[in-house]
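First the structure, in the form of structure tokens, and then the observations on it.
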Amino acid sequence: MVKFMAGLKGEGKTRKLIDMANQDAKVTDGHLVFIDDDKRHIFDLARDIRFVEAGKGELASYREFVGFVLGILSQNSDIKHIYVDGLTNILQKDAIDNDALIKLKDRLNGIAKVDHVEFTISIHCEPSSLPDELKEVLV
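Quick note: to get my numbering, add 62 to the position in the sequence shown (first position is 1).
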């Protein structure tokens, strides 16, 4: 299952995502991954959570991001949840729009079913600007 968290800068998405991951780390029987564009929050996470720095704007499309995620999943079959902070910072500026977000959601849902993994992804945007298909999966 894929869930999105949307909001403008400074609305507390990162803190909420970190809190969700840390709570999940206390009860999950598998591994958790937290993907971010920089290392600012590495020490805010429980030490059992695998932190992955994806870099700022290094991935050119949602397809490259999916490949990145598949690479992470190929290394560990016990991953239960992947948290992504600031997808819009990880991808190049023009790489993500509403159509790309819908395609990403659909592709990650397919991966989630096969690999039994959940995704929670934060994006910087006004929640009301998202299409209904994405509003349905907002946290």
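C-beta atoms are modelled at their ideal positions from N, C-alpha and C, and glycine is treated no differently.
Please read all numbers here as calculations on a predicted model, not as lab measurements.
Boundaries (first-last residue) of the beta strand (DSSP E) holding residue i
{"i": "K65", "result": "V64 to G69"}
{"i": "A136", "result": "The displayed chain sequence assigns Ser, not Ala, to residue 136. Taken as a continuous stretch (DSSP letters only), S136 belongs to no beta strand (DSSP E), being part of the alpha helix (DSSP H) at Y124 to S136."}
{"i": "E115", "result": "I111 to E115"}
Which listed residue (the options) has its alpha carbon closest to that of residue i
{"i": "A83", "options": "D106, P189 and E188", "result": "D106"}
{"i": "Q85", "options": "A108, L153, K197 and K101", "result": "A108"}
{"i": "V176", "options": "T150, V199, I141 and D81", "result": "I141"}
{"i": "K71", "options": "E188, Y145 and K165", "result": "E188"}
{"i": "V131", "options": "L170, D81 and I164", "result": "L170"}
{"i": "I134", "options": "E120, D168, S190 and A116", "result": "A116"}
{"i": "E126", "options": "R102, Q154, D110 and A87", "result": "Q154"}
{"i": "A122", "options": "D156, S136 and D110", "result": "D156"}
{"i": "H103", "options": "E73, D81, T90 and E120", "result": "D81"}
{"i": "G172", "options": "E73, V128 and V89", "result": "V128"}
Neighbourhood of residue i by C-beta, 8 Å cutoff - its chain only, sequence neighbours within 5 removed
{"i": "A174", "result": "M63, V64, E180 and F181"}
{"i": "K118", "result": "D99, D100, N151 and I152"}
{"i": "I164", "result": "P193, E195 and L196"}
{"i": "V114", "result": "V95, F96, I97, D98 and I134"}
Close-in-space but distant-in-sequence residues of the same chain around residue i (CB under 6 Å, 5 per side omitted)
{"i": "D147", "result": "T76, L79, D98 and S184"}
Cut-off 7 Å between Cβ atoms - residues of its own chain near residue i, not counting five sequence neighbours on either side
{"i": "H93", "result": "R112, N138, D140, I141 and K142"}
{"i": "L192", "result": "A68 and N160"}
{"i": "V199", "result": "V64, K65, F66 and K167"}
{"i": "A87", "result": "L94, A108, D110 and I111"}
Integer Cβ distance of residue i from residue j, believed to fall under 8 Å
{"i": "Y124", "j": "A68", "result": "Incorrect: roughly 16 Å between the Cβ atoms, too far for contact."}
{"i": "V95", "j": "I144", "result": "5 Å"}
Range covered by the alpha helix (DSSP H) that runs through residue i
{"i": "L170", "result": "N160 to D177"}
{"i": "I104", "result": "Neither: I104 is in no alpha helix (DSSP H) and is coded neither H nor E."}
{"i": "K88", "result": "K75 to V89"}
{"i": "K155", "result": "Neither: K155 is in no alpha helix (DSSP H) and is coded neither H nor E."}
CB contact check: residue i to chain C, cutoff 8 Å
{"i": "L153", "result": "Here chain C cannot be found, since the structure has a single protein chain."}
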